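Residue numbers (this note's numbering), protein chains in the order written: chain A, 1 to 112; chain B, 1001 to 1116. Note that beta-carbon positions come from the ideal geometry of N, C-alpha and C, so glycine has one too. All values reported here derive from a predicted model rather than from experimental measurement. Before any comments, here is the structure.
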Amino acid sequence: QKEVEQNSGPLSVPEGAIASLNCTYSDRVSQSFFWYRQYSGKSPELIMSIYSNGDKEDGRFTAQLNKASQYVSLLIRDSQPSDSATYLCAAPLTGGGNKLTFGTGTQLKVEL
Amino acid sequence: GAVVSQHPSRVICKSGTSVKIECRSLDFQATTMFWYRQFPKKSLMLMATSNEGSKATYEQGVEKDKFLINHASLTLSTLTVTSAHPEDSSFYICSASRDGNNQPQHFGDGTRLSIL
Chain A
1 QKEVEQNSGP LSVPEGAIAS LNCTYSDRVS QSFFWYRQYS GKSPELIMSI
51 YSNGDKEDGR FTAQLNKASQ YVSLLIRDSQ PSDSATYLCA APLTGGGNKL
101 TFGTGTQLKV EL
Chain B
1001 GAVVSQHPSR VICKSGTSVK IECRSLDFQA TTMFWYRQFP KKSLMLMATS
1051 NEGSKATYEQ GVEKDKFLIN HASLTLSTLT VTSAHPEDSS FYICSASRDG
1101 NNQPQHFGDG TRLSIL
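As structure tokens, then:
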């Protein structure tokens, strides 16, 4: 089983809708989770960090963490075409310092 | 916010040339930096972990003599692709994280390397 798993998509949502991106992880010890956005041909950009159970909101983005079920999600409200990108979920490798394990990424397409 | 600068952004050179890529953390000290490679439409692939003042830790299958890493200060790591060949053409990305547990990585803008 991969340590961090994501549906590769593409996930298509209409403009203005809520996009929901999901990620599951296998290491129960993981304490922190990160969401990165990567536009085509560009490097990843950190958009959210979450460390405790529950929701964390930042503008149109909400990260949700459920440690009991071992999943973390990212909600994007009022999706815009500029949100079209690949979203990567990441968690630190146990015993690996700040070395991260990345999911394969979910491609999001926001359609006009 | 944390800023990581990577230079150059693009390199085009002849086969056999060695190419050096710099990665700098501009507003924080980074004992550890990371080097990734990414092929078109593929996932990030970690190549090595760069450790300040000591040898880099390479991932399985990555040739340490081919990809030389130097991390001589707390804000600078360099990756040198030695005697580059067309198959080394790729998008190389560095990242750095603040010291301490559970810190995110902050990525540079990447270097697109094209070997003719």
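Determine, for residue i, whether the minimum Cβ-Cβ distance to residues of chain B falls below 8 Å.
i, result
"P10 (chain A)", "no"
"Q31 (chain A)", "yes"
"F61 (chain A)", "no"
"T104 (chain A)", "yes"
"L74 (chain A)", "no"
"K99 (chain A)", "yes"
"P81 (chain A)", "no"
Excluding the five sequence neighbours on either side, which residues of its own chain have a C-beta within less than 8 Å of the C-beta of residue i, listed in chain order?
i, result
"G54 (chain A)", "Q64, L65"
"V29 (chain A)", "T94"
"E15 (chain A)", "S79, Q80, P81, V110, E111, L112"
Exposed or buried, residue i, counting other C-beta atoms within 10 Å across all chains shown (16 or more means buried)?
i, result
"A1072 (chain B)", "exposed"
"H1085 (chain B)", "exposed"
"H1007 (chain B)", "exposed"
"P81 (chain A)", "exposed"
"A68 (chain A)", "exposed"
"V1003 (chain B)", "exposed"
"P1104 (chain B)", "buried"
"Q38 (chain A)", "buried"
"S43 (chain A)", "buried"
"N1101 (chain B)", "exposed"
"S997 (chain B)", "Given that chain B is displayed from residue 1001 to residue 1116, the structure contains no residue 997 (chain B) and the question cannot be resolved."
In chain order, what residues of the same chain have a beta carbon less than 6 Å from the beta carbon of residue i, not counting five sequence neighbours either side?
i, result
"I1069 (chain B)", "A1048, S1050, A1056, L1079"
"S1077 (chain B)", "C1023, M1033, S1050, H1071"
"Y25 (chain A)", "V4, Q70, A91"
"R1112 (chain B)", "R1010, F1091"
"Q1038 (chain B)", "L1044, F1091"
Return the chain-ordered list of same chain residues with a C-beta closer than 7 Å to the C-beta of residue i, the five sequence neighbours on each side being excluded.
i, result
"S84 (chain A)", "L108, K109, V110"
"L46 (chain A)", "F34, Y36"
Just by C-beta distance, which residues in the region 1027-1050 of chain B are closer than 8 Å to chain A? Taking 8 Å as the upper bound on Cβ-Cβ separation, chain A lies near residues T1032, F1034, S1043, L1044, L1046, T1049 of the region 1027-1050 of chain B.
Interface residues of the region 1090-1109 of chain B facing chain A [CB-CB below 7 Å]: So the close ones are I1093, S1097, N1102, Q1103, P1104, Q1105, H1106, F1107, G1108, D1109.
So, does the region 1026-1038 of chain B touch the region 1049-1069 of chain B, judging by three or more C-beta pairs under 8 Å? Verdict: yes, contact present.
With 9 Å as the limit, tell me which residues of the region 34-50 of chain A have their beta carbon closer than that to any beta carbon of chain B; keep them in chain order. F34, Y36, Q38, S40, G41, K42, S43, P44, E45, L46, S49: these are the residues of the region 34-50 of chain A whose beta carbon lies less than 9 Å from some beta carbon of chain B, given in chain order.
Could you say if the region 41-54 of chain A and the region 6-19 of chain A meet the contact criterion of at least three C-beta pairs nearer than 8 Å? The region 41-54 of chain A is not in contact with the region 6-19 of chain A.
Between the region 14-25 of chain A and chain B, which residues of the former have a C-beta closer than 8 Å to a C-beta of the latter? Listed in sequence order: no entries.
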